[in-house]
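At position 98 of the sequence shown (counting the first as 1) the number is 98 in full-length UniProt numbering, and the numbers step up by one without a gap.
Below is one structure; the comments refer to it alone.
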Amino acid sequence: MALTVEWAMAELLRNPGVMAKVRTEIDDTLGGKETIGETDAAGLPYLQAVVKEAMRLHPVAPILLPHRAVEEGVEIGGYAVPEGSTVIFNGGAIMRAPAAWERPDEFVPERFLGVADQVVDFRGKAFEFIPFGSGRRLCPGVPMGERVVPFILASLLRAFEWRLPDGVWAEELDVSERFTTANVMAVPLKAVPVVVTE
């Protein structure tokens, strides 16, 4: 979850207009409420779209768990897969496929607005969006991730205005990836919180 929050914050800092929209949604929806509850984040559709887009563009685990072809006659991408073969899917490439996504390498949260949650949810039913995998190997952390990441982001954005350190411009923020056992930022994000005063 921490990596997803870091990627989402990096994209928000690179896209100040998107950050402003999220903050406006939070302020308009929560009004004078002092603290954010877990259920409040569920009622923020633009924030939810930002989280989904961060997970699509920067999946924490882009290489999915291995699958085994359990029968003869399986075909994937035009290739015959012999029974018993191990198949590993690159979820990161799937979620950036130009055939599935318009402008796949751009951070565009709006692509998730107006789309029914049943169509593009976290549970791997839409195979072009599989940040938690799919099928029997679906990550057991889905319920926690889909609730806690938006809650953390909403809390951070409600409590602080965020800026990049002096001398760093949004366009210069390095969002290159370094894959270890997870997909991390090659250069860790440094952001400056500024207390929001009413």
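Don't be surprised by glycine CBs; every beta carbon is placed ideally from N, CA and C.
ALA2 to ALA8 span [Cα, whole Å] = 10 Å
ask   = What residue from LEU189, ILE26 and THR86 has the CA that sits closest to ARG14's CA?
value = LEU189
Whole-angstrom distance between VAL60 and GLU71, CA atom to CA atom = 31 Å
request  = Give, in chain order, every unbroken run of the beta strand (DSSP E) that is at least 3 residues long and sits entirely within the stretch 105-150.
outcome  = none
ask   = What does a CB cutoff of less than 8 Å around ALA49 pick up in its chain, not counting 5 residues either side in sequence?
value = PRO109, GLU110, ARG111, PHE112 and LEU113
ask   = Taking the continuous beta strand (DSSP E) assigned at ARG178, which residues delimit it?
value = 177-179
task = Indicate whether the contact test is met: 3 or more Cβ pairs, each with one atom in the stretch 126-134 and one in the stretch 77-94, closer than 8 Å.
result = yes
inquiry  = Mapping the DSSP letters down to three states, classify ALA80 as helix, strand or coil.
reply    = strand
inquiry  = For MET55 and THR4, what's the separation of their Cα atoms in angstroms?
reply    = 7 Å
ask   = Which partner residues does MET185 have in the DSSP bridge list?
value = GLU177
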